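>
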Amino acid sequence: MMVRSLTVAVIGAGVAGLLAARELQREGHRVVVYEKSSKLGGLWAYDPRVESDELGLDPGREIVHGSIYLSLRTNLPRELMSFSDFRLTEREYGDPRTFPGHKEVLSFLEDFAREFGLIELIRFKTEVVRVERVGRQWVVETIRADGESLDQAFEAVVVCNGHCTVPRLAEIPGLEKWRGKQTHSHNYRVPEPFRDQVIIVIGNGASAYDISRDISKVAKEVHLSSRSPNANLSKLDIFPNIWQHSEIACVNEDGTVAFEDGSLVHADTIFHCTGYNYEFRFLKTNGIVSVDDNRVGPLYNHVFPPELAPSLSFVGLPHQSILFALMELQSQWIARVLSGKVALPSKEEMTADVEQYFQQMKKLNRPTHHTHFLYKPEEFKYLDWLAAQAGSPLVEERKKEIYRKFLKLIENPHDRLRDEWTACGVLVARNYNTRLVRMADKACPFNAKRRGEAYRKNPNNVDIGNTGDNTPSLHS
Ligand SMILES: Cc1cc2nc3c(=O)[nH]c(=O)nc-3n(C[C@H](O)[C@H](O)[C@H](O)COP(=O)(O)OP(=O)(O)OC[C@H]3O[C@@H](n4cnc5c(N)ncnc54)[C@H](O)[C@@H]3O)c2cc1C
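Take the sequence shown: its letters are residues -21 to -1, 1 to 455, numbered as in mature numbering (1 follows the signal peptide of the UniProt record, and there is no 0).
#1: Between Tyr13 and ligand 1, is the CB less than 7 Å from at least one heavy atom?
#2: Closest to Glu99 by CA distance: which of Glu71, Phe337, Asn391, Leu(-4) is it?
#3: Taking only heavy atoms of ligand 1 into account, decide whether any of them is closer than 7 Å to the Cβ of Leu140.
#4: Between which two residues does the beta strand (DSSP E) containing Ser204 stretch?
#5: Taking a contact to mean a Cβ-Cβ separation below 8 Å, would you say Ser191 touches Leu203 in this structure?
#6: Assign Gly276 to one of two classes, buried (16 or more other C-beta atoms within 10 Å of its C-beta) or exposed (fewer than that).
#7: Can you give me the start and stop residues for the beta strand (DSSP E) that Leu215 sits inside?
#8: Tell whether a beta-carbon distance below 8 Å holds between Ala149 and Thr253.
#9: Would you call the region 281 to 297 and the region 321 to 334 touching, i.e. three or more CB-CB distances under 8 Å?
#10: Could you name each continuous alpha helix (DSSP H) segment of 4 residues or more that falls completely within the region 319 to 407, going from the start of the chain to the end?
#11: Would you kindly work out how many angstroms separate the C-alpha atoms of Pro56 and Asp233, rounded to a whole number?
#12: His251 by DSSP, collapsed to three states: which one?
#13: Determine contact between the region 43 to 55 and the region 166 to 186, defined as no fewer than three beta-carbon pairs at a distance below 8 Å.
#14: Is Ile179 helix, strand or coil when you go by DSSP?
#15: Answer yes or no: do Gln311 and Glu358 have a C-beta to C-beta separation smaller than 8 Å?
#16: Can you find a heavy atom of ligand 1 that lies under 7 Å from the Cβ of Arg44?
#17: Give me, in chain order, the residues of the same chain whose beta-carbon lies closer than 8 Å to that of Val(-14); leave out the 5 immediate sequence neighbours on both sides.
#18: Between the C-alpha atoms of Tyr255 and Glu89, what's the straight-line distance to the nearest angstrom?
#19: Buried or exposed for Asp216, please, with buried defined as at least 16 other CB atoms from any protein chain shown within 10 angstroms of its CB.
#20: So, helix, strand or coil for Pro297, using DSSP?
#21: Taking the alpha carbon of Asp130 as the point to measure from, which residue in Asp64, Tyr13, Ile313, Ser61 has its own alpha carbon closest?
#22: Please confirm if the region 348 to 355 is in contact with the region 292 to 307, defined as three or more CB-CB distances below 8 Å between the two stretches.
#23: Measure from the alpha carbon of Thr162 to the alpha carbon of each residue in Asp247, Asp332, Arg5, then state which is nearest.
#24: Roughly how many angstroms lie between the CA atoms of Tyr72 and Glu94, to the nearest whole one?
#25: DSSP puts Tyr25 in a beta bridge; with which residues?
#26: Pull up the distance between the alpha-carbon of Asn54 and that of Leu67, whole angstroms please.
#27: Check whether the region 12 to 28 and the region 328 to 348 are in contact - that is, three or more C-beta pairs closer than 8 Å.
#28: Please tell me whether, using a cut-off of 7 Å, the distance from the CB of Thr253 to the nearest non-hydrogen atom of ligand 1 is below it.
#29: Any heavy atom of ligand 1 within a distance shorter than 7 Å of the CB on Val107?
#30: Taking 7 Å as the cut-off, is the C-beta of Phe352 nearer than that to any heavy atom in ligand 1?
#31: For Asn183, count the other beta carbons within 10 Å of its own beta carbon; 16 or more makes it buried, fewer makes it exposed. Which is it?
#32: In three-state DSSP terms, what is Ala419?
#33: DSSP on Ala(-9), reduced to helix/strand/coil?
#34: Nearest-angstrom Cα distance between Ile313 and Val118?
#35: Suppose you measure from the CA of Lys15 to the CA of Val180; what does that come to, to the nearest Å?
#36: Might you give, ordered along the chain, the residues of its own chain that have their beta carbon closer than 8 Å to the beta carbon of Phe62, omitting 5 neighbours on each side?
Set out below in structure tokens:
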């Protein structure tokens, strides 16, 4: 078998880029990694800056790549933040917790890059501004921080630019008239700027969960809003100032936010913790690869565009899986396809496969913007499928079991989960659940129908401290 060694550009030195670089190098390719910042680690390199346009609507804004907040701890345990042969469970950088803070993960990634000789492959402070097919090659245009611009040709490009930077916003009736502050979790760093404010946090994911808790330490009130059918007006019993609400019905010019559950809150800030949009401004493919309602496509199994395979590929697009393992397997698949050890199906077969996937999504009523979501149990099927393609060992059953247990637990999130989790995925103590306390109609300070008028006139005069404490819990 003829093994090819190609020149390959990797865009980004986050987890995806580091893994791609390692696997490509192992496979004998000649790799250059472009990284626009001065650090490796991508999202895990905490950046205290926030963008001038906090909703990310101005295309001319200076983009801050990072989206993590100072208090962030991993939302998966160490076992699942490891690579197959380089494990966070076997290393410690000052934060031995099972769910460590972000600094621990960054130290781990720096160690990984040193161990596998990746740092010398990275061109720091070098932003890729154009990637374009010219003949049989890809031209990669870069601009360095000192302003120097350069075109360089490669035989293949692996896109690892991350997808947690461009805010995706909630669409809410009346938002255009609302005069309060709006921001997105992308621009949340520390709670202090929100001291004494009434905050609405929209979202049901890890960021909404974390930010609501973090901000509640200084905010006057925090009101979580979720589309989940189980989200009804209730108070979180171990927090004096956090309430759960249903979906927002509308927001009003007078600064009030009305929820579908009938409650009404006068708020200072609306936080969109509603995810991110994929964006590849540098990629010029004449429409062969495009982003449509967060569907990057067409891509064969989230990695190769059939028309441009194998010379163009993407690592790290899927959501909801053991992401470190997923990115490692995608990288191994790409590296071996490029070297010729692993063959891809024909262009027609890949196109048909993508089409079939889109049809299947339609049949299952899945929205287009969930194209890269791996629904249960697809996250493991996909990992196993990747391993089979790449000729790599399967992700260990132990890791899958931990992930399964973790998913089950976060269906009813637990405020001490991170500290009480043990390696086998069992909680040491279970009696600290954050109970949701149903708001009795009379006691509810946010009931629009009963108290809307008075509340609107004098929103800050409402005694919220006495509500709900004696009402039955929904979960215990
Ligand atoms: C708040 C938050 C918490 C998370 N917590 C977890 C967790 O606990 N566990 C987990 O497994 N996952 C978590 N994730 C998911 C996380 O995104 C992935 O784990 C992983 O870090 C993604 O790596 P990446 O390399 O794809 O992207 P990134 O980490 O975003 O890295 C992309 C890199 O590309 C660079 N880049 C971008 N564009 C260019 C360009 N044009 N030219 C040159 N360089 C460029 C960027 O500077 C960056 O360094 C979390 C995500 C968020 C937003």
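C-beta atoms are modelled at their ideal positions from N, C-alpha and C, and glycine is treated no differently.
Fair warning: this is a prediction, and the values are worked out from it, not measured in the lab.
Let me spell this out:
#1: Yes - ligand 1 has a heavy atom lying nearer than 7 Å to the Cβ of Tyr13.
#2: Among Glu71, Phe337, Asn391, Leu(-4), the Cα nearest to that of Glu99 is on Leu(-4).
#3: Looking at the sequence shown, residue 140 is not Leu but Asn. Under cutoff, so the answer is yes.
#4: For Ser204, the enclosing beta strand (DSSP E) stretches over residues 200 to 204.
#5: Yes.
#6: Classification for Gly276: buried.
#7: Its beta strand (DSSP E) spans residues 213 to 215.
#8: Contact: yes.
#9: Below 8 Å, enough C-beta pairs join the region 281 to 297 and the region 321 to 334 to call them touching: three or more.
#10: Correct list: 326 to 342, 357 to 369, 376 to 390, 396 to 399.
#11: Each residue's Cα considered, the two are about 44 Å apart.
#12: The three-state reading of DSSP puts His251 in strand, counting E and B together.
#13: The region 43 to 55 and the region 166 to 186 touch, with no fewer than 3 CB-CB distances between them shorter than 8 Å.
#14: Note: Ile179 maps to strand in three-state DSSP.
#15: No, these two residues do not count as a Cβ contact at 8 Å.
#16: The question names Arg, but residue 44 is His in the sequence shown. Yes, the Cβ of His44 comes within 7 Å of a heavy atom of ligand 1.
#17: Taking Val(-14) as the centre and dropping the five residues before and after it, the same chain places the C-beta of Leu3, His8, Arg9, Val10, Val11, Phe133, Glu134, Ala135, Val136, Val137, Leu317 closer than 8 Å to its C-beta, in chain order.
#18: Roughly 26 Å between the two C-alpha positions.
#19: Buried, since its Cβ has 16 or more Cβ neighbours within 10 Å.
#20: In the structure shown, Pro297 sits in coil (DSSP, three-state: anything other than H, G, I, E or B).
#21: Checked all of Asp64, Tyr13, Ile313, Ser61; the closest Cα to Asp130 is Tyr13.
#22: The region 348 to 355 and the region 292 to 307 touch, with no fewer than 3 CB-CB distances between them shorter than 8 Å.
#23: Out of Asp247, Asp332, Arg5, Asp247 has the C-alpha closest to the C-alpha of Thr162.
#24: Tyr72 and Glu94: Cα-Cα distance of roughly 15 Å.
#25: Note: Tyr25 sits in no beta bridge, so no partner.
#26: Using only the alpha carbons, I get a separation of about 14 Å.
#27: No, they do not touch.
#28: In this structure, ligand 1 has no non-hydrogen atom nearer than 7 Å to the beta-carbon of Thr253.
#29: Yes, since a heavy atom of ligand 1 falls inside the 7 Å radius drawn around the Cβ of Val107.
#30: Incorrect: Phe352 has no Cβ contact closer than 7 Å to ligand 1.
#31: Under this definition Asn183 is a buried residue.
#32: Any reading at Ala419 must be qualified, since the residue scores a pLDDT of 49, below 50, and its modelled position is unreliable; the value itself is stated next. The answer is coil: DSSP assigns Ala419 none of H, G, I, E or B.
#33: Looking at Ala(-9) - three-state DSSP - the assignment turns out to be coil, as it is neither helix nor strand.
#34: Straight-line measurement puts the Cα of Val118 at about 19 Å from the Cα of Ile313.
#35: Approximately 31 Å, taken between the alpha carbons.
#36: Shown here for Phe62: same chain residues with a beta carbon closer than 8 Å to its own, the five before and five after excluded, namely Leu(-3), Phe91, Phe303, Ala304, Glu307 in chain order.
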